[in-house]
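Have a look at the structure below, then the notes.
There are 2 protein chains.
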Amino acid sequence: MARTKGRLTQRDIAKLAGVSQAAVSLILNGGAEQARLSAETRERVMAVIQGTGYVADPLARQMHKKGNQLLGVFTYEPVFPNAQADFYTPFLLGIEEEAERLGYDLLLFTSTPVEDGRRKLFRKESRLRLADGCIVIGREQDRDELAKLAAGGYPFVAIGRRDDNSGEIPYVGADYLTVTRDLVRRAHELGHVHLLYVGDGTGAESLIDRWQGFSETVATLGLTGDRTAPMVEPSTIIERALASGATVLFCEVASDALALAREVDARRLGARLSVVAMGSAASLSLPSLRLSGFELPREEMGRQAVRTLSAIIENRSVERQILLRPNTVDGQTLGKREQ
Amino acid sequence: MARTKGRLTQRDIAKLAGVSQAAVSLILNGGAEQARLSAETRERVMAVIQGTGYVADPLARQMHKKGNQLLGVFTYEPVFPNAQADFYTPFLLGIEEEAERLGYDLLLFTSTPVEDGRRKLFRKESRLRLADGCIVIGREQDRDELAKLAAGGYPFVAIGRRDDNSGEIPYVGADYLTVTRDLVRRAHELGHVHLLYVGDGTGAESLIDRWQGFSETVATLGLTGDRTAPMVEPSTIIERALASGATVLFCEVASDALALAREVDARRLGARLSVVAMGSAASLSLPSLRLSGFELPREEMGRQAVRTLSAIIENRSVERQILLRPNTVDGQTLGKREQ
DNA sequence: TATTCTTGCTAATACGTATTAGCAAGTTGA
DNA sequence: TCAACTTGCTAATACGTATTAGCAAGAATA
Chain A
1392 MARTKGRLTQ RDIAKLAGVS QAAVSLILNG GAEQARLSAE TRERVMAVIQ
1442 GTGYVADPLA RQMHKKGNQL LGVFTYEPVF PNAQADFYTP FLLGIEEEAE
1492 RLGYDLLLFT STPVEDGRRK LFRKESRLRL ADGCIVIGRE QDRDELAKLA
1542 AGGYPFVAIG RRDDNSGEIP YVGADYLTVT RDLVRRAHEL GHVHLLYVGD
1592 GTGAESLIDR WQGFSETVAT LGLTGDRTAP MVEPSTIIER ALASGATVLF
1642 CEVASDALAL AREVDARRLG ARLSVVAMGS AASLSLPSLR LSGFELPREE
1692 MGRQAVRTLS AIIENRSVER QILLRPNTVD GQTLGKREQ
Chain B
1392 MARTKGRLTQ RDIAKLAGVS QAAVSLILNG GAEQARLSAE TRERVMAVIQ
1442 GTGYVADPLA RQMHKKGNQL LGVFTYEPVF PNAQADFYTP FLLGIEEEAE
1492 RLGYDLLLFT STPVEDGRRK LFRKESRLRL ADGCIVIGRE QDRDELAKLA
1542 AGGYPFVAIG RRDDNSGEIP YVGADYLTVT RDLVRRAHEL GHVHLLYVGD
1592 GTGAESLIDR WQGFSETVAT LGLTGDRTAP MVEPSTIIER ALASGATVLF
1642 CEVASDALAL AREVDARRLG ARLSVVAMGS AASLSLPSLR LSGFELPREE
1692 MGRQAVRTLS AIIENRSVER QILLRPNTVD GQTLGKREQ
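Here's what the structure looks like:
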């Protein structure tokens, strides 16, 4: 066996069988009918193929398909967590699941060990187009870069809402507004009439929406709604609430909610002060302290992002901006207002 | 939003920069010196590349046996866990970390649907070549497939020891034999002379090695060592141990160890019966019940796999079969033999 | 002034496969 | 007998990149 050349090709097979390379390809891909290759020819070629053990080079086969069936996942920090309570994993779980279902592989961009932060991002971005399209998770200060991407015609979907002037950044976000409204209503049903919003209520859309859902609903229902910035000291906030007569704390940031709920617990104020976690209510909860509030449907957001992205890549029509409703979590920290 | 063409090519770049496609390729691959392209031209082309975010199609590059700075990761089940106690994550953490350090991105092969509980490596072969090489995690019954891969000259590293006749499957495994020996010695030092091995002791190398480390050391030290298959009922095993006079249980499977330790606890036999977990002693432990035994150095295995793989890809010489020593875990379940 | 050298680039081709258009020879129909 | 049709195949081209050979214009040399 003179293995002069590295790899057996269709040309070799063709030569051995006395046909053209095209014939070999056609026979292998079921185009033989269409091209009316005779049964004899087909058998002859197949015999050679079997005899030589020829297998088509998968790379060459893929070359003239459209894409590479690759979805990029772009994050601003390493994906795999040290920490137990982990932000990215649920998204990735959903992404992986749906990617698998749709026949895509995932490309995880690791950042470069380059010191300078900017270059780091740049180097990452320079590899972005390796994939057919990309899912961008986290960090909402990147509208410009995303807008550039969109303008360049590169298919991508952000996880987390991104509104910009051009209005055409595709995203899968969470409907904070509605769920916050529902929680305020729920508090109202439980007798609360004075609510305290703990957080900034500005900046990212997700914060603006929470605040808007809160303040609008408070107004609609004729309740009293205050706002206070999150403090280093939970005690300060609790005292402020007690002093003002507020009976529920709506916390923008879940870790604040947890800290506050603990302090409330420690002071045995559970009956007088409720705590609502606007996010991560389930995942941050401890067995001994289950927060009330809501939880992002992260897995579903991941799945939806993959569906949207694949539709964009494959040029199918699709709703490009989707908000999913967070799940409300009935914990122990939202109770009836003490009479 | 343009989206006229699917993917940006060197031809597009060339047109934009007013040069030939060849010039673009040369500049990207360091052939610019050789071809005497002027500094201005180089800069002009690079500017266009940066502006557009062009990246060479990995498939086309692989056709010329060029790398893409891409490491594949193949697992037999989905990577991202539902379960809390998670198998893959620590490996991936190490892999991501080291890949980042070495300037590789990661390609997660998810697209193969799980068939009867696991993914099939051979279904992926076409996709595998997108990556410069691949890390295969888990499942030790895949020697044939791996041998085929190796024969095809595809660079890969298995996590988990794989010995086969050809003897050349590269892997990063755990040195179960040594650590088991040390644990038996430790038990001996604590006064134990009659040990019970709970498990099959056959099948995968990892199991064979544990049994071998156990039985050899028992023989060397002149101890008594029995073996029993793992049972559905922990009670049965415990009674068998008590009846035979064994004072330590060496458990092949960590979840068995946990179940046994719990039962021992429940029966208040802690002083009479020790339990050793040969694997996951730390990660399976509860705050209230810390197992003694050992734990795989999963992160380090991941890092080492990346180092080995990159060496193979880059044609540097490297030890292809590496065993890392698991870490012993001093928990509460291995104590002095009761006098 | 003719020759050689250098500079800066491009044309052409290869990689291995898939696919479309179409050719030559034979067959059928009128 | 000429056109239309069928049969059985091939030529040509595309995919996107890498690489080699070599061309044109100017500079240096003899």
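First to last, the protein sequences are chains A and B.
Each residue of the first sequence is one higher than the last, beginning at 1392 in the numbering used here.
Each residue of the second sequence is one higher than the last, beginning at 1392 in the numbering used here.
Every residue, glycine too, gets a C-beta built ideally from N, C-alpha and C.
- Boundaries of the alpha helix (DSSP H) harbouring B:Y1479: Y1479 to L1493, taken from the DSSP string.
- Under the 10 Å beta carbon count, B:T1501 is surrounded by 16 or more other beta carbons and is classified as buried.
- B:V1527 is the residue among B:F1605, B:P1678, B:V1527 and B:H1585 whose C-alpha sits nearest the C-alpha of B:T1466.
- Not a single CB atom of chain B sits nearer than 7 angstroms to the CB of A:Q1695.
- Those residues of the region 1484–1495 of chain A placed with their C-beta closer than 9 angstroms to a C-beta in chain B are L1484, G1485, I1486, E1487, E1488, A1490, E1491, R1492, L1493, G1494 and Y1495, ordered along the chain.
- In this structure, B:L1664 and B:A1632 form a Cβ contact; the two beta carbons are roughly 6 angstroms apart against a cut-off of 8 angstroms.
- Non-local C-beta neighbours of B:S1701 in its own chain, meaning closer than 6 angstroms and more than five positions away in sequence, comprise L1493, ordered along the chain.
- Against B:Q1425, chain A offers no close residue; the least beta-carbon distance is about 24 angstroms (beta-carbon pairs closer than 9 angstroms).
- Within the DSSP bridge table, the entry for A:R1618 names A:Y1588 as partners.
- Note on A:N1556: under 16 other CB atoms within 10 angstroms of its CB, so exposed under the neighbour-count rule.
- Pairwise C-beta distances place the region 1404–1413 of chain B out of contact with the region 1580–1600 of chain A, as fewer than three of them are shorter than 8 angstroms.
- Just so you know, the alpha carbons of A:V1639 and B:L1399 end up roughly 54 angstroms apart.
- Counting only the Cα atoms, A:G1543 lies some 19 angstroms from A:V1709.
- A:I1713 is bridged by DSSP to A:V1563.
- Taking CB atoms only, A:K1457 has a neighbour in chain B less than 7 angstroms away.
- Closest in alpha carbon position to B:A1645, among B:D1656, B:R1694 and B:S1676, is B:S1676.
- A Cβ of chain B is located within less than 7 angstroms of the beta carbon of A:M1454.
- Along the length of the region 1648–1717 of chain A, whole beta strand (DSSP E) runs at least 3 residues long occupy 1665–1669, 1683–1686 and 1712–1715, reported in chain order.
- Of all C-beta pairs linking the region 1668–1683 of chain A to the region 1645–1657 of chain A, three or more are shorter than 8 angstroms, placing the two stretches in contact.
- Contacts with chain B at 7 angstroms (Cβ-Cβ) do not include A:R1553.
- In the structure shown, A:A1549 falls within a strand segment according to DSSP collapsed to helix, strand and coil.
- With respect to chain B, the C-beta atom of A:R1518 has a partner C-beta closer than 7 angstroms.
- Chain-order list of chain B residues neighbouring A:F1471: T1480, L1483, L1484 and E1487, by C-beta distance under 7 angstroms.
- Taking CB atoms only, A:L1497 has a neighbour in chain B less than 7 angstroms away.
- The continuous alpha helix (DSSP H) containing A:F1605 extends over residues E1596 to L1612.
- For A:P1449, the nearest CB of chain B lies under 7 angstroms from its own CB, placing it at the interface with that chain.
- Taking the C-beta atoms as reference points, B:V1563 is found no nearer than 7 angstroms to B:M1454.
- For the region 1431–1445 of chain B, residues whose beta-carbon sits nearer than 8 angstroms to a beta-carbon of chain A comprise Q1441, T1443, G1444 and Y1445.
- At a cut-off of 7 angstroms between C-beta atoms, B:F1500 counts as an interface residue with respect to chain A.
- Assignment of beta-bridge partners to A:D1403 by DSSP yields no partner.
- Contact between B:E1487 and B:L1497 is confirmed by a C-beta separation of about 6 angstroms, below the 8 angstroms threshold.
- In terms of beta-carbon proximity, B:G1397 lines the interface with chain A, with at least one pair separated by less than 7 angstroms.
- Taking A:V1623 as reference, the option from A:Q1441, A:V1589 and A:A1662 with the minimal CA-CA separation is A:V1589.
- Here the alpha carbons of B:L1450 and A:P1449 stand approximately 10 angstroms from one another.
- Shortest Cα-Cα distance from A:E1468 to any of B:L1715, B:S1416 and B:E1491 involves B:E1491.
- Interface residue (Cβ-Cβ distance to chain B less than 7 angstroms): A:L1521 is classified as such.
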